[in-house]
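Asker: Under the working numbering, the first residue of the sequence shown is numbered 203, with each subsequent residue one higher.
In this text, a Cβ means the ideal position worked out from N, Cα and C, and glycines have one as well.
Predicted, not measured: the structure shown is a model, and the values here were computed from it.
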Amino acid sequence: MRSRMETIEIQQITLADPNAAETIELALTKAELVLVTEYGSKLWYIDVTGAGPASLLDHYYSSEHILVSVTAVAADGRSFQGKAYFHANVLKQACVLRGDDELIALQG
């Protein structure tokens, strides 16, 4: 099986940290969900530019605990849910949420 990549525009991302009792909406200028299928394996990540707030990026940039629960809403109304590792790029006000295990497509 050949590689296949699908990109979906994301308009809203909500994060839940298993170490905290609250959820937070990630501010963003642009976000894309990338789904990659290669040799039967599937992986996903969300690339975010204009990410914020800055305090959130700072927190995950310096934390050892970067696993978060992610709910993402696409521009076309579809919703996705999964767990991801939060990789912050403080200088560029960006981040990548690298998927851990399955991404679940919810009704939307």
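What residues in its chain sit with their C-beta under 6 angstroms from that of residue 207, if we drop five residues either side in the sequence?
Answerer: As a first step, residue 207 is located in the sequence shown; it is residue number 5 there, counting from the start. Once the five neighbours on either side are set aside, the close Cβ partners of residue 207 are 238.
Asker: Verify whether the separation of the beta carbon atoms of residue 252 and residue 295 is less than 8 angstroms.
Answerer: Counting from 1 along the sequence shown, the entry for residue 252 is found at position 50. Counting from 1 along the sequence shown, the entry for residue 295 is found at position 93. Result yes, Cβ atoms of residue 252 and residue 295 sit closer than 8 angstroms.
Asker: Where do the ends of the beta strand (DSSP E) carrying residue 289 lie?
Answerer: Taking the sequence shown and counting its residues from 1, one reaches residue 289 at position 87. Residue 289: member of the beta strand (DSSP E) spanning 281-291, first to last residue.
Asker: Between which two residues does the beta strand (DSSP E) harbouring residue 205 extend?
Answerer: Residue mapping note: residue 205 aligns to position 3 of the sequence shown, counting from 1. Unbroken run through residue 205: none, as it is neither H nor E.
Asker: Quick check on the DSSP output: the alpha helix (DSSP H) that includes residue 264 runs from which residue to which?
Answerer: Stepping through the sequence shown from its first residue, residue 264 is reached at position 62. Unbroken alpha helix (DSSP H) run through residue 264: 256-264.
Asker: For residue 219, I'd like the list of residues in its chain whose CB is within less than 6 angstroms of its CB, leaving aside the five on either flank, ordered along the chain.
Answerer: As a working note, residue 219 is residue 17 in the sequence shown. Here the set comprises 270.
Asker: Would you decide whether residue 175 is buried or exposed? Buried here means 16 or more other CB atoms lie within 10 Å of its CB.
Answerer: With the chain running from 203 to 310 in the structure shown, residue 175 is simply not present.
Asker: In its own chain, which residues sit with a C-beta less than 7 angstroms from the C-beta of residue 263, not counting the 5 before and 5 after it?
Answerer: Counting from 1 along the sequence shown, the entry for residue 263 is found at position 61. These residues qualify, in order along the chain: 290, 292.
Asker: Which whole-angstrom value describes the C-beta separation of residue 265 and residue 240, a residue pair presumed to lie in contact below a C-beta threshold of 8 angstroms?
Answerer: The count along the sequence shown starts at 1 and reaches residue 265 at position 63. The count along the sequence shown starts at 1 and reaches residue 240 at position 38. That pair is no contact at about 30 angstroms.
Asker: Using only the alpha-carbon positions, how far apart do residue 230 and residue 215 sit?
Answerer: Taking the sequence shown and counting its residues from 1, one reaches residue 230 at position 28. Taking the sequence shown and counting its residues from 1, one reaches residue 215 at position 13. Their Cα atoms are separated by approximately 8 angstroms.
Asker: Give me the Cα-Cα distance between residue 250 and residue 226, rounded to the nearest whole angstrom.
Answerer: By 1-based counting over the sequence shown, the position of residue 250 is 48. By 1-based counting over the sequence shown, the position of residue 226 is 24. Approximately 15 angstroms, taken between the alpha carbons.
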